[in-house]
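In the working numbering, the protein residues as written are 6 to 139.
Single-structure report; data block below.
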């Protein structure tokens, strides 16, 4: 009888450990510019040291860092929604349009909380920009 009870207790403890070990934290992805860079490798190293993210050196030699920033805080309906702006890199004049940038934004900032648009910075420089809930 004691042997039966101890085997049930052991099974129960194992079940509890398995269930609590299954918990995963899913966060949002944020992006930040970390100044200029010479290569993606250089940018990636700085990004990993800055906030343990992934770095990418774009065509304008700007280091873009993507990292897990956690879920946005729960807001009461009377609190204002905070919006941030993030650069999604340059694009060519014939490929830069709001629909393309909006797709990039949705991919970069999960849960559809961003709106992407194409911005002209110079005669032949176009940048995809994203406004998102942060």
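Even glycine gets a Cβ: it sits at the ideal position worked out from N, Cα and C.
Computed from a predicted model, the values in this text were never measured in an experiment.
Beta-carbon gap between residue i and residue j smaller than 7 Å
i           : j           : result
residue 136 : residue 90  : yes
residue 121 : residue 109 : yes
residue 35  : residue 74  : yes
Rounded straight-line distance, which links the Cα of residue j to that of residue i
i           : j           : result
residue 134 : residue 94  : 8 Å
residue 128 : residue 66  : 18 Å
residue 60  : residue 47  : 8 Å
residue 131 : residue 114 : 20 Å
residue 125 : residue 138 : 23 Å
residue 100 : residue 119 : 20 Å
residue 96  : residue 107 : 13 Å
For residue i, the residue or residues it bridges with in DSSP
i           : result
residue 37  : 70
residue 132 : 95, 124
Integer Cβ distance of residue i from residue j, believed to fall under 8 Å
i          : j          : result
residue 58 : residue 72 : 3 Å
residue 52 : residue 68 : 7 Å
Beta-carbon contacts of residue i that lie in its chain and below 8 Å, excluding the five residues immediately before and after
i           : result
residue 104 : none
residue 44  : 62
residue 42  : 48, 51, 60, 62, 66, 67, 68
residue 102 : 123
residue 40  : 67, 68
residue 201 : Beyond the ends of the chain as shown, which are 6 and 139, falls residue 201; an answer cannot be given.
Contacts around residue i, its chain only, beta-carbon distance under 6 Å, and the 5 residues preceding and following it disregarded
i          : result
residue 88 : 136
residue 70 : 37, 39, 52, 58, 60
Close beta carbons around residue i, own chain, < 7 Å, minus the five adjacent residues each side
i           : result
residue 112 : none
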